[in-house]
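2 protein chains.
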Amino acid sequence: MDELLKPLTEGNRRALSRAITLVESTRDDHRQRAVALLADLPQRQALRIGLSGTPGVGKSTFIESFGTMLIEQGMRVAVLAVDPSSVRSGGSILGDKTRMETLSRNPKAFIRPTPSSAELGGVARRTRETIRLCEAAGYDVVLIETVGVGQSETLVADMSDLFVLLLAPAGGDELQGVKRGIMEMADLILVNKADGDLLGTARRTVADYAGALRLLRKRPQDPQGFPKAIAVSAATQDGLDKAWQDMRELCDWRREQGFFDSTRADQARQWFMAELRAGLLSQLDHPQIKAQLQKLGDDVAKGALAPGAAATGMLKRLGRVSAE
Amino acid sequence: MDELLKPLTEGNRRALSRAITLVESTRDDHRQRAVALLADLPQRQALRIGLSGTPGVGKSTFIESFGTMLIEQGMRVAVLAVDPSSVRSGGSILGDKTRMETLSRNPKAFIRPTPSSAELGGVARRTRETIRLCEAAGYDVVLIETVGVGQSETLVADMSDLFVLLLAPAGGDELQGVKRGIMEMADLILVNKADGDLLGTARRTVADYAGALRLLRKRPQDPQGFPKAIAVSAATQDGLDKAWQDMRELCDWRREQGFFDSTRADQARQWFMAELRAGLLSQLDHPQIKAQLQKLGDDVAKGALAPGAAATGMLKRLGRVSAE
Numbered sequence: 009m010d011e012l013l014k015p016l017t018e019g020n021r022r023a024l025s026r027a028i029t030l031v032e033s034t035r036d037d038h039r040q041r042a043v044a045l046l047a048d049l050p051q052r053q054a055l056r057i058g059l060s061g062t063p064g065v066g067k068s069t070f071i072e073s074f075g076t077m078l079i080e081q082g083m084r085v086a087v088l089a090v091d092p093s094s095v096r097s098g099g100s101i102l103g104d105k106t107r108m109e110t111l112s113r114n115p116k117a118f119i120r121p122t123p124s125s126a127e128l129g130g131v132a133r134r135t136r137e138t139i140r141l142c143e144a145a146g147y148d149v150v151l152i153e154t155v156g157v158g159q160s161e162t163l164v165a166d167m168s169d170l171f172v173l174l175l176a177p178a179g180g181d182e183l184q185g186v187k188r189g190i191m192e193m194a195d196l197i198l199v200n201k202a203d204g205d206l207l208g209t210a211r212r213t214v215a216d217y218a219g220a221l222r223l224l225r226k227r228p229q230d231p232q233g234f235p236k237a238i239a240v241s242a243a244t245q246d247g248l249d250k251a252w253q254d255m256r257e258l259c260d261w262r263r264e265q266g267f268f269d270s271t272r273a274d275q276a277r278q279w280f281m282a283e284l285r286a287g288l289l290s291q292l293d294h295p296q297i298k299a300q301l302q303k304l305g306d307d308v309a310k311g312a313l314a315p316g317a318a319a320t321g322m323l324k325r326l327g328r329v330s331a332e
Numbered sequence: 009m010d011e012l013l014k015p016l017t018e019g020n021r022r023a024l025s026r027a028i029t030l031v032e033s034t035r036d037d038h039r040q041r042a043v044a045l046l047a048d049l050p051q052r053q054a055l056r057i058g059l060s061g062t063p064g065v066g067k068s069t070f071i072e073s074f075g076t077m078l079i080e081q082g083m084r085v086a087v088l089a090v091d092p093s094s095v096r097s098g099g100s101i102l103g104d105k106t107r108m109e110t111l112s113r114n115p116k117a118f119i120r121p122t123p124s125s126a127e128l129g130g131v132a133r134r135t136r137e138t139i140r141l142c143e144a145a146g147y148d149v150v151l152i153e154t155v156g157v158g159q160s161e162t163l164v165a166d167m168s169d170l171f172v173l174l175l176a177p178a179g180g181d182e183l184q185g186v187k188r189g190i191m192e193m194a195d196l197i198l199v200n201k202a203d204g205d206l207l208g209t210a211r212r213t214v215a216d217y218a219g220a221l222r223l224l225r226k227r228p229q230d231p232q233g234f235p236k237a238i239a240v241s242a243a244t245q246d247g248l249d250k251a252w253q254d255m256r257e258l259c260d261w262r263r264e265q266g267f268f269d270s271t272r273a274d275q276a277r278q279w280f281m282a283e284l285r286a287g288l289l290s291q292l293d294h295p296q297i298k299a300q301l302q303k304l305g306d307d308v309a310k311g312a313l314a315p316g317a318a319a320t321g322m323l324k325r326l327g328r329v330s331a332e
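Protein chains in written order, with the numbering used here: chain R, 9 to 332; chain W, 9 to 332.
In C-alpha cells:
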C-alpha cells in the first residue's frame, strides 16, 4: 500500500499535493505507482461540477464567492483547472492561487494550479485522476474549471456530474455567440454580474437564454424546469445560494432516477477505454520507434514506399500483425 | 503482382471498380491484397481537387458541368464522395450516378458512389486509397466531394492539392454562417448560380467573400491574389473556364515554389501515421478482446476496478506492458 494513501484519505493536504504531482508525472515508475495508488482509493464521492465561461466573465470571482459560500455551509471544496491554452503558453497567464486569493488561503479549500505542459489527452487523464484523489481526500465539491476554448468543455463535461456555464450580461446578438453544442451540454446557465448598472441587462439576458434553452430538446436526464438560466452576482453573492439549490435539486433528482450513477458508470467506462487506447499508442513515442517512424515517414514522403505498406511493415515489427 | 494491376494501369474501368471494392473491403485477406496492390502502383499524379458546399448550392450540377468541360478539353475525370452523413443513414440520399447523369454516362468520367457504411476514419482511408487507384488508372483530375458537415472538410482538404468551396448567392448575414476554419482552408470560393435574377446578388456575394478572404492572413502557399472568390454558373457554364484557369495558375505556382510536392509529402506522411495508429487500435476490435473489454468495462463501471488499473491490466494481456 502506498505511503501516501493513509494521510491522503485522512485529508492531509500535503499528501494530496504529492499524490497529484505523482499522477502528473510522465516517468514510468511514477505512473506505475500512480496507477496502484488510484486502484487503492476508497469509493468516496464528491459532487463534480464542471464550470465553463469565456474570459472576462468573472470566473475567478465566481469561484471565490461560490467556494467560500460552500465552505461556510460546512463543505470542503477543491478547484481544478483544465486549460488547454496553457499547453501552448506553458502555464496559465495568472497563477490560479493569485486569481483566487481568499479561497486559496482557506484551509477547507484546495486549489491546484493548472499543470504547465501536456497535450489535451494528458490534461484529461491527469484531471480525472486528480478528481479521484480529491474525492478520496474527503472534499465534498470538486469544481473543474475550463477556459472555454476548443474541446475543453466537452472534456470537462465528460468528467463532471453537472455542467455550469457562466455568462456575462449581453445583447441578443452576443447570445448567438454561444455555440449550440455548449448550450446543449449546460445543466445550468448563470448570468453573472447581475448587480448595479448591469442588473437590468442581466435579467434580460437570463430571459434570452431561458428562451434558447426551451428550444433545445428536453433531455431525459433533466427534471421539469431544467436546464435553466438564472442571474447571479459573484461580487455581491446574490443568487449564489439559489444556484447551489438548483444544482442540488438537479443532482438529487438524477440520483433518484438513476441517471447520476449511470452517468458516472459510463464516464468510468470511457475513461478506461481512453486509457487503453492511449497506452496502445504510447509505444509510438519511444525513442527507438520514433527514429524508425521518422525514417519510414521520409521514404513515404519521397514516394518510395506506400503509406499502407509502411504502416503494415511497422505493425509487423511491433508484433501486432497477428492482431491486424 | 496482382492481376488487377495491369488492366488498372491501362485504364480499364472494370479493373478500377474492382480495385476500389477491394480497398473498401474490411476482410483481412482483401486488406492484405489491397495493401500489396497499392504498394505496386505507378507514381502517376492527378490533380486532386477537394470540393465542399452546403446542400442546395448546386454541387451535383457544378460537378456535371465542370467535369464535362474538363473532358471536352481532353482530360479524364474521376469523382469521389466523402459523406460522413451516409455513414449514419447507410448511403447517400440520391445515388451519385443519378445526381450526375450526363457525366456518369461519359466514358472519360468515372463516378464512384459513396460507400454505404463505415466510420469517418474508414471513409478517409478508403478515399485516400481510391484516389491513388484513380491516379494509377490515368485520370487527370480527381474531384473529391464532401457534403460539408462536421469534420469532413478537413478530411478532404487533407487529401487534396487544392480545396474549392462552392457557395450560393446570399446576403451579408449568411456570409457569416461559413465557418472561419472552412474559409481558411479554401483556395478558391466559387459563388454558384450567378445567372438570371441572381446575377446581381451573386456578384455582391463574391465581393463580400473577397473582402472576407482579404481579412485572413496571407498564407505562404498562395501567390498574389489567392485565395480568391469568383462567380460561376453551373447551369450556363459561365465562369467555369475561369475557375479552371485559376486552379491551374495556383497549382503551377505551387509546383514552381515547391509547395505542391511538400504538401503531398506531408499528406503521405500523415496518412502513414494514421494507418499505423488505426492498425494499433484495431486489435481492440477483435471479438475475443472485445468480450474481455466488455467484462473489464463492467467492473470499472461498477467501481470494482479503477480505470487506470483496468487499462494497465489489459495492456499487459495484450503484451504491451514493456512498451507502456
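Ideal Cβ positions, reconstructed from N, Cα and C, are used throughout, including at glycine. Predicted, not measured: the structure shown is a model, and the values here were computed from it.
Asked                                                                                                                                                             : Found
Output the distance between the C-alpha atoms of Asp306 of chain W and Ala282 of chain W, rounded to the nearest integer angstrom.                                : 30 Å
Is the shortest distance between the beta-carbon of Arg96 of chain W and the beta-carbons of chain R less than 8 Å?                                               : With a pLDDT of 42 at Arg96 of chain W, under the threshold of 50, the modelled position of this residue cannot be trusted; read the value that follows with caution. Closer than 8 Å: no.
Measuring straight from C-alpha to C-alpha, what distance separates Asp166 of chain W and Gln275 of chain R?                                                      : 32 Å
Starting from the Cα of Gln40 of chain R, find the closest Cα among W:Ser60, W:Gly316 and W:Glu80 and give me that residue.                                       : W:Gly316
Starting from the Cα of Lys116 of chain R, find the closest Cα among R:Ala44, R:Gln265, R:Gly130 and R:Tyr147 and give me that residue.                           : R:Tyr147
From which residue to which residue does the beta strand (DSSP E) around Ser168 of chain R run?                                                                   : That residue, Ser168 of chain R, is in no beta strand (DSSP E); it is neither H nor E in DSSP.
May I ask which residues mark the beginning and end of the beta strand (DSSP E) holding Ala86 of chain R?                                                         : Val85 to Val90
Since Leu198 of chain W is in the beta strand (DSSP E), which residue starts that stretch and which ends it?                                                      : Leu196 to Val199
Per DSSP, which residues does Ile119 of chain W bridge with? Please list them.                                                                                    : W:Val87
Quick check: is the beta carbon of Gly189 of chain R nearer than 8 Å to any beta carbon in chain W?                                                               : no
Gln51 of chain R versus chain W: which residues are under 7 Å apart at the beta carbon?                                                                           : Gly311
Just the chain W side, please: which residues come within less than 7 Å of Asp315 of chain R by C-beta, in chain order?                                           : Note that residue 315 of chain R is Pro in the sequence shown, not Asp. Those are Ala276, Trp279, Phe280 and Glu283, listed as they occur along chain W.
Could you check what DSSP says for Ala243 of chain W in three-state terms: helix, strand or coil?                                                                 : coil
Just to check, is the beta-carbon of Ala165 of chain R closer than 7 Å to a non-hydrogen atom of the ligand NAD?                                                  : Absent from the structure shown: the ligand NAD. Ligands present: none.
Rounded to whole angstroms, what is the Cα-Cα separation between Glu11 of chain R and Arg140 of chain W?                                                          : 58 Å
Determine, using beta carbons only, whether Leu196 of chain W and Leu170 of chain W come nearer to each other than 8 Å.                                           : yes
Which same chain residues, not among the five before or five after Arg56 of chain R, have their C-beta less than 7 Å away from its C-beta?                        : Ile139, Val150, Ile152, Met167, Ser168 and Asp169
Could you tell me the distance, in whole angstroms, from the CA atom of Ala89 of chain W to the CA atom of Glu72 of chain W?                                      : 14 Å
Since Ile28 of chain W sits in a beta bridge, which residues does DSSP pair it with?                                                                              : Paired residue(s): none; Ile28 of chain W is not in a bridge.
Measure from the C-beta of Val43 of chain R to each C-beta in chain W and report whether the shortest distance is under 8 Å.                                      : yes
What ranges does the alpha helix (DSSP H) occupy inside the region 27-68 of chain W, keeping only unbroken runs of at least 4 residues that lie completely in it? : 36-48
Compare the Cα-Cα distances from Gly58 of chain R to each of R:Gly19, R:Asp36, R:Pro121 and R:Thr135 and report the closest residue.                              : R:Thr135
Please name the residue, chosen from W:Ala178, W:Met77, W:Ser33 and W:Leu46, that lies closest to Gly64 of chain W on a Cα-to-Cα basis.                           : W:Ala178
Between W:Met83, W:Leu301, W:Ile28 and W:Ala194, which has its C-alpha nearest Val131 of chain W's C-alpha?                                                       : W:Ile28
Between Arg84 of chain R and Met77 of chain R, what straight-line distance do the alpha-carbon atoms span, to the nearest angstrom?                               : 10 Å
What three-state label does DSSP hand Arg16 of chain R in the structure shown?                                                                                    : This sequence places Leu at residue 16 of chain R; Arg is not what is there. DSSP places Leu16 of chain R in helix when its eight states are reduced to three.
What would DSSP say about Ala178 of chain W, mapped onto helix, strand or coil?                                                                                   : coil
Pull up the distance between the alpha-carbon of Leu24 of chain R and that of Leu16 of chain R, whole angstroms please.                                           : 5 Å
Under 8 Å between C-beta atoms, does Thr62 of chain R make it to chain W?                                                                                         : no
Could you pull the start and end residues of the beta strand (DSSP E) that Ala149 of chain W belongs to?                                                          : It is Val, not Ala, that sits at residue 149 of chain W in the sequence shown. Element bounds for Val149 of chain W: Val149 to Thr154.
In chain order, what are the residue ranges of uninterrupted beta strand (DSSP E) at least 3 long that sit wholly in the region 203-248 of chain W?               : 236-239
Pairing CB atoms from the region 283-293 of chain W with CB atoms from the region 255-265 of chain R, are three or more of them under 8 Å?                        : no
Which residue wins for smallest C-alpha separation from Tyr217 of chain W, given the options W:Asp203, W:Ala319 and W:Ala237?                                     : W:Ala237
Is any beta-carbon of chain R found at less than 8 Å from that of Leu12 of chain W?                                                                               : no
For the alpha helix (DSSP H) that Lys187 of chain R lies in, which residues bound it at each end?                                                                 : Counting along the chain, Lys187 of chain R falls outside any alpha helix (DSSP H), and DSSP gives it neither H nor E.
Around the C-beta of Arg263 of chain W, are 16 or more other C-beta atoms found within 10 angstroms, so that it is buried, or is it exposed?                      : exposed
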